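The opening residue of the sequence shown carries number 44 in this note's numbering; numbering runs sequentially from there.
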Amino acid sequence: MVSLSTRIVCQILRGDILPKPNVDIQQWTFDQIKNAHVPLDPVLPKALELYVESVGKRGPVTGISEADIALLFENRKTISARHVLALYYVLLYNDMVEERRSGLQKQGGDPIYELEEYTDNLLDRIPTKQILSHVEDPSNQPTYHTLYPRFWALMCAQYPEVLDVGGFLCEEGCRDKSAVVPAAVRGFALIGKEMEAADVNILLSSGKEEDLRAVISYLDSLTLMDLQTHFATVTTNLLPRITNPQTTSDISTQFFSLWISLYTINPRETCLATVNTLRPLNAKPYDHHTLVMDPLIVFSCREVFRRGALRIFLRVLTYYMIASKHRWRKLWAGGIKPEAYLPPTTIDTLIQTQDAAIIQCLLEGLVGGEESIRPFIYDFIHQMFIEDPILIRVVAFQTFPVEILKGVVEGVPSMHVCFDFVPGMLEHPNIRVRVFGLQLFGWLGETYPIEKSLHQAKHLILPNIAHLCLDLSKYNKHLKASRDTATTIPFPPRVEGWTETIVGVLVNIAKAFPSLVESVGNLLEELKLPMPMAELRSILRNAYPLQDTDSPLDALAKFQDAVSLTFGKVLRDVVLMDPEMLDKSIR
44 MVSLSTRIVC QILRGDILPK PNVDIQQWTF DQIKNAHVPL DPVLPKALEL
94 YVESVGKRGP VTGISEADIA LLFENRKTIS ARHVLALYYV LLYNDMVEER
144 RSGLQKQGGD PIYELEEYTD NLLDRIPTKQ ILSHVEDPSN QPTYHTLYPR
194 FWALMCAQYP EVLDVGGFLC EEGCRDKSAV VPAAVRGFAL IGKEMEAADV
244 NILLSSGKEE DLRAVISYLD SLTLMDLQTH FATVTTNLLP RITNPQTTSD
294 ISTQFFSLWI SLYTINPRET CLATVNTLRP LNAKPYDHHT LVMDPLIVFS
344 CREVFRRGAL RIFLRVLTYY MIASKHRWRK LWAGGIKPEA YLPPTTIDTL
394 IQTQDAAIIQ CLLEGLVGGE ESIRPFIYDF IHQMFIEDPI LIRVVAFQTF
444 PVEILKGVVE GVPSMHVCFD FVPGMLEHPN IRVRVFGLQL FGWLGETYPI
494 EKSLHQAKHL ILPNIAHLCL DLSKYNKHLK ASRDTATTIP FPPRVEGWTE
544 TIVGVLVNIA KAFPSLVESV GNLLEELKLP MPMAELRSIL RNAYPLQDTD
594 SPLDALAKFQ DAVSLTFGKV LRDVVLMDPE MLDKSIR
């Protein structure tokens, strides 16, 4: 039913014709929100929109105080119309402030505003996901249909972490569980009745796997509304048990479904409770704001790179990453001052740096980790690369542990883009980056033996390896010449540890491109000593009695071992391969 007072206020605000210059309808608006009930006045959402527009006109109309808004959410047990309208008003108000700020910046005006957005302290206390679920409930759609389109758009803009596509996909499997789970299962507890919190704790205290499975099955069969009463049981009691290495994979999978159900109800509280449950021992609990400002803190959690916890960890990480990007962009836009102007690209660089650090942590977590977790991390990194391809270059140039390089190239499809970066990596002043670039190409070429990679291998990679090992090949030539002419044997050059590494790349090239086997063999011949190592040691000790010959010769011996090993692999894996397999590669 349309209220006459609401219709009158709408007309006054629309025409900007307040009866008195000093009339402020703030209290009236707050009372309308506070006392809202179902069925909702269909004109009230429009009145809120007009009210917010009036606040932005610098007239006598002022916004509702943050303290009054916070009062509406205190001691709440369920979501009602007042909560929906309060959030709608906050979204409208913050959107209006942002639009005014953007307009002033485009016009070259003073970006110091008398109007400020509601603080993150208030926004973090509003149960946004629960309110959204309430609005989208089929039984409530007739009530909120007038405000829903704009409400949804504002939520997407201001709470992207709540409306994450990945989160929605996870939620699809756990909606309306009561419709697919037989009623008998919901009361399947060993004691033959619906479990209360005390019953759950008794079963968990037994430490038996079958009891753990029974508790998870029971909780997972509950409706989302009933599951809320067991929030602490899931996040505090069950979660640490799931991270135990002894927990079976089927229980871990079952618990993930349960955790996602809880995440569906309230992602903010679920993620925060998860991080605090897994935080380092004796560490103080984190708050939502701290985690949003620095998502890397999530990596301090215990046992996250285990089969049972990883998928939960990645969902938590995604939530805080999205929230962090939005929060930092908002702070950046609101904090620009004329005397300290920085281009908008700066915040993009900061966010990319944070994302690159997150990828680096994930890659390092693969080292020595369980084989079963790798596909999930590869998929996560691939998605980040798709969203921001610049990250691929950043991650490549900052390098990562070479022991996982093969798996990353094979498991992250977007890594093929690195073909474009390899030339730049080989020109980098840091030898570590150049060596990593060669190793990266080795696995890229073997994984993607295409015409482009063949050309790079022939005209870029092989010449670079030869150049980096030039001193050693020259030494071998001098050694052979000295031996043939009976002149003094030259002292060996310094052999760096990375030379053994880059020689191994020749195996990748030979396996990927059989047409280059001859070139690989010729290069290896140049790097092979023309005399036995023992003979060289004896000659040098006699020729240079006052110099330490053991250290350089030990390094040279290790390099020669690498050359011999590479020779053997090329012979075994390529030269002696079945001819039909050779035909499958580019020649």
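The beta-carbon is built from N, C-alpha and C at its ideal position, and this holds for glycine as well. Quick caveat, the model's predicted, so the values are computed rather than measured.
Residues of its chain near residue i, where Cβ-Cβ distance is below 7 Å and the 5 sequence neighbours each way are ignored
i, result
"K612", "V550"
"P323", "S343, R345"
"R630", "Annotation note: pLDDT 45 at R630 (below 50); position unreliable, coordinate value reported separately. Excluding sequence neighbours, R630 sits near P557, S558."
"A227", "Low confidence applies to A227: its pLDDT is 35, below 50, so where it sits in the model is not reliable enough to give any reading."
"M427", "D398, I402, L434"
"T609", "V546, G547, L549, V550, L567"
"V335", "Y363, A366, S367, R370"
"G412", "F348"
Status (buried if at least 16 other CB within 10 Å, exposed otherwise) for residue i
i, result
"T276", "buried"
"D616", "exposed"
"P472", "exposed"
"L487", "buried"
"R475", "exposed"
"L572", "buried"
"Q137", "For the sequence presented, residue 137 should be read as Asn rather than Gln. N137 comes out buried."
"E252", "exposed"
"H126", "buried"
"Q289", "exposed"
"M268", "exposed"
"T184", "It should be noted that the sequence gives Gln, not Thr, for residue 184. Q184 should be labelled exposed."
"C512", "buried"
"H498", "exposed"
"K327", "exposed"
"E489", "buried"
"I396", "Residue identity check: residue 396 is Thr in the sequence provided, not Ile. It counts as exposed."
Reference residue i, options the options, closest by Cα
i, options, result
"D398", "C199, L93, Q441, T162", "Q441"
"E430", "V208, F484, P533", "V208"
"M468", "V437, I493, E446, V133", "V437"
"R372", "I355, T392, I51", "T392"
"E453", "P575, Y491, T317, D463", "Y491"
"I122", "D180, L570, S295, T296", "D180"
"R144", "L135, Y131, Y132, E159", "E159"
"Y362", "P283, M458, E109, T307", "T307"
"P170", "T279, T313, D111", "T313"
"H510", "I259, E470, S496", "E470"
"Q271", "P328, L301, Y202", "L301"
"N280", "D593, L305, T320, F602", "T320"
"D254", "P283, I294, T278, N287", "I294"
"S496", "D514, D463, L515, F443", "D463"
"A376", "A200, I390, A366, E569", "I390"
Cβ-based neighbour list, residue i, same chain, cut-off 8 Å, excluding 5 preceding and 5 following
i, result
"A124", "A79, H80, V81, L83, T186"
"T531", "S525, A586"
"L456", "Leu is not the amino acid found at residue 456; the sequence shown has Pro there. Correct list, in chain order: H425."
"V563", "L505, L549, I552, A553, V613"
"L165", "E109, I112, A113, V133"
"P533", "Y518, H521, L522, S525"
"T542", "L511, C512, L515, F602, A605"
Residues of its chain near residue i, where Cβ-Cβ distance is below 6 Å and the 5 sequence neighbours each way are ignored
i, result
"F423", "L357"
"R580", "L596"
"T189", "P85, P88"
"T72", "Y94"
"A90", "T49, V52, C53"
"I493", "none"
"G102", "none"
"Y421", "G454, V455"
"F443", "L406"
"M458", "V452"
Rounded distance between the beta-carbons of residue j and residue i, thought under 8 Å
i, j, result
"R654", "F299", "In this structure the chain extends from 44 to 630, so residue 654 is not present and cannot be described."
"F484", "V460", "Not confirmed; about 13 Å, so no contact."
"F194", "V205", "Between V205 and F194 the Cβ distance is about 12 Å, and since that is not below 8 Å, they are no contact."
"V560", "V606", "That belief does not hold up - the Cβ atoms of V560 and V606 are roughly 16 Å apart, past 8 Å."
"L538", "Q482", "According to the sequence as given, residue 538 is Val; it is not Leu. Their Cβ separation, rounded to whole angstroms, is 18 Å, which puts V538 and Q482 out of contact at 8 Å."
"K172", "P310", "5 Å"
"D416", "R370", "Reading off the sequence shown, one finds Ile at residue 416, where the question assumed Asp. That belief does not hold up - the Cβ atoms of I416 and R370 are roughly 29 Å apart, past 8 Å."
"I285", "A352", "6 Å"
"A598", "M576", "A598 to M576, Cβ: 12 Å. No contact."
Alpha helix (DSSP H) runs wholly inside the segment 122 to 149, at least 4 long, in chain order:
124 to 149
In chain order, what are the residue ranges of uninterrupted alpha helix (DSSP H) at least 4 long that sit wholly in the segment 556 to 602?
560 to 570, 576 to 586
Which runs of the alpha helix (DSSP H) spanning at least 4 residues fall entirely within the segment 411 to 456, listed in chain order?
417 to 430, 433 to 441, 448 to 454
Give, in chain order, every unbroken run of the alpha helix (DSSP H) that is at least 4 residues long and sits entirely within the segment 48 to 89.
69 to 77
Counting only runs that start and end within the segment 262 to 324, where is the beta strand (DSSP E) found for 3 or more residues in a row?
none
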